[in-house]
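Numbering (our numbering), first residue to last: 200 to 341.
Heads up, the beta-carbon is just placed ideally off N, CA and C, and yes, glycines get one too.
What you are looking at is a predicted structure, and each value in this text was computed from that prediction instead of being measured.
Contents: one structure, followed by commentary.
In structure tokens:
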């Protein structure tokens, strides 16, 4: 009989599969994560107590009026319906593809929030980001 102690091998932990799994998870999360801008629409809110005047280089502008009933007027011309596609086509026709034209949204105080957001969304989808919301001065009544 052989009573010699057998030499035990020290256990060896192979970390290569663990590192592979971690890298695969990292790649999965990097690919599946969307990096979307939360606020694409930049709005300049004018002061209600002072009236802002346009300089000569900004004479060309797009005026969009939202009535209390939700109807849209583009440079004082009424659109046929309140569909966003109709609004986008009308804006494209007026701007002729220019994206540096300032947009002035003149919404009635009783207009729904959805109507104003639809105007801002249509303009931003066409690349128009210079938007302002028109207000009346505090001393003037309707």
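Proximity of residue i and residue j at Cβ, strictly below 9 Å
i, j, result
"residue 305", "residue 329", "no"
"residue 316", "residue 332", "no"
"residue 271", "residue 281", "yes"
"residue 327", "residue 302", "yes"
"residue 265", "residue 307", "yes"
Outcome for residue i when other beta-carbon atoms lying within 10 angstroms are tallied against a minimum of 16
i, result
"residue 233", "exposed"
"residue 206", "exposed"
"residue 263", "buried"
"residue 321", "buried"
"residue 319", "buried"
"residue 267", "exposed"
"residue 212", "exposed"
"residue 286", "buried"
"residue 279", "exposed"
Where residue i falls: helix, strand or coil (DSSP)
i, result
"residue 317", "helix"
"residue 273", "strand"
"residue 212", "coil"
"residue 168", "For the chain, the structure presents residues 200 to 341; residue 168 sits outside this window and is missing."
"residue 300", "coil"
Opposing strand residues paired with residue i [DSSP bridges]
i, result
"residue 281", "In DSSP, residue 281 forms no bridge with anything."
"residue 305", "264"
Inter-residue CB distance, residue i and residue j (contact presumed, cutoff 8 Å)
i, j, result
"residue 325", "residue 293", "Actually they do not touch by this definition, with Cβ atoms about 10 Å apart."
"residue 311", "residue 269", "6 Å"
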